[in-house]
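There are 2 protein chains.
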Amino acid sequence: MKNKRLKLARVAADLSQAELAEQVGVTRQTIGLIEAGRYNPTLKLCIAICQALDKTLNDLFWGE
Amino acid sequence: MKNKRLKLARVAADLSQAELAEQVGVTRQTIGLIEAGRYNPTLKLCIAICQALDKTLNDLFWGE
DNA sequence: TCAATATGACATATATAGTTTACACCACTA
DNA sequence: TAGTGGTGTAAACTATATATGTCATATTGA
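As you go down the protein sequences, you meet chains Z and W in turn.
The working numbering applies: residue 1 is where the first sequence begins, and numbers increase by one.
The working numbering applies: residue 65 is where the second sequence begins, and numbers increase by one.
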């Protein structure tokens, strides 16, 4: 279950995985893995990502 | 930062910490700690809790 | 009283989120 | 031919979410 919405929001914000990663304080690999749906970030990280992309939890992480 | 909304939603659903914990497949202590705001659950657990309480991520975990 | 239920708090142990490092692939450009 | 930026992935490691176990307390009902 890839997270397509996250990837789309990131690209729309004109950020690379590495740039988003730096903004939220994780590594590029972590962002890549979340977009690939290979795991299960913590709530704090989800919120940081949402704030960086000006989205809400429901926008990026709720529902399939 | 205690999660008051989670506690209220759980009580409104007439569930004890232990009952909610069992429904989402964790221990009572984990629910207690999340309500107490002492950590940082994973996204999967947040979603399971929301589904058990018929709420969305934004309802329980977005904003202060 | 007493037993049962619900909660808070605290350790220690285990599973897994997240890091680091590294290599490979692709598209583009010089 | 390189060379660079963006991405996918994997192994080994560290940090921390979660489990397990226990004790204390408050409340409710018999």
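We put the beta carbon where it would ideally sit given N, CA and C, even for glycine.
Nearest by alpha-carbon distance to Lys71 (chain W): which of W:Gly96, W:Ala112 and W:Trp126 is it? For this step, residue 71 (chain W) is matched to residue 7 along the second sequence. Measuring from the Cα of Lys71 (chain W), the nearest candidate turns out to be W:Gly96.
What does a CB cutoff of less than 8 Å around Cys110 (chain W) pick up in its chain, not counting 5 residues either side in sequence? On the second sequence, residue 110 (chain W) is found 46 positions in, with the first residue counted as 1. Only Leu121, Leu124 and Phe125 meet the Cβ criterion.
Proximal residues, the region 92-116 of chain W versus chain Z, C-beta separation under 7 Å: Legend: CB atoms of the region 92-116 of chain W lying less than 7 Å from CB atoms of chain Z belong to residues Asn104, Pro105, Thr106, Leu107, Lys108 and Cys110.
Taking its Cβ as the centre, do 16 or more other Cβ atoms sit within 10 Å of Asn104 (chain W), making it buried, or is it exposed? What you label residue 104 (chain W) is simply residue 40 of the second sequence in a count that begins at 1. Exposed is the call here.
Could you check which residue in Z:Gly37, Z:Val11, Z:Leu43 and Z:Arg28 has the C-alpha nearest to that of Cys114 (chain W)? In the second sequence, counting from the first residue as 1, residue 114 (chain W) sits at position 50. Comparing Cα-Cα distances from Cys114 (chain W) to each of Z:Gly37, Z:Val11, Z:Leu43 and Z:Arg28, the minimum goes to Z:Leu43.
Under 8 Å between C-beta atoms, does Leu121 (chain W) make it to chain Z? Counting from one through the second sequence, the residue named residue 121 (chain W) turns up at place 57. Output row for Leu121 (chain W): interface = yes.
Using the beta-carbon count (16 or more within 10 Å), is Val75 (chain W) buried or exposed? Start at 1 with the first residue of the second sequence, and residue 75 (chain W) comes out as number 11. Around the C-beta of Val75 (chain W), fewer than 16 other C-beta atoms lie within 10 Å, and the residue is accordingly described as exposed.
First and last residue of the alpha helix (DSSP H) that includes Thr94 (chain W)? Here residue 94 (chain W) corresponds to residue number 30 of the second sequence, with the count starting at 1. Arg92 to Ala100 is the span of the alpha helix (DSSP H), which, as asked, contains Thr94 (chain W).
For Leu79 (chain W) and Val90 (chain W), the rounded distance between their alpha carbons: Locating residue 90 (chain W) in the second sequence gives position 26, where the first residue counts as 1. Locating residue 79 (chain W) in the second sequence gives position 15, where the first residue counts as 1. If I take the Cα positions, the gap works out to 14 Å.
For a quick check, are the C-beta atoms of Arg92 (chain W) and Gln81 (chain W) less than 8 Å apart? The count along the second sequence starts at 1 and reaches residue 92 (chain W) at position 28. The count along the second sequence starts at 1 and reaches residue 81 (chain W) at position 17. In contact: Arg92 (chain W) and Gln81 (chain W) (Cβ atoms closer than 8 Å).
Cα-Cα separation, Asn3 (chain Z) to Asp54 (chain Z): Position 3 of the first sequence, counting from 1, holds the residue named residue 3 (chain Z). Position 54 of the first sequence, counting from 1, holds the residue named residue 54 (chain Z). In this model, Asn3 (chain Z) and Asp54 (chain Z) are separated by some 17 Å (Cα to Cα).
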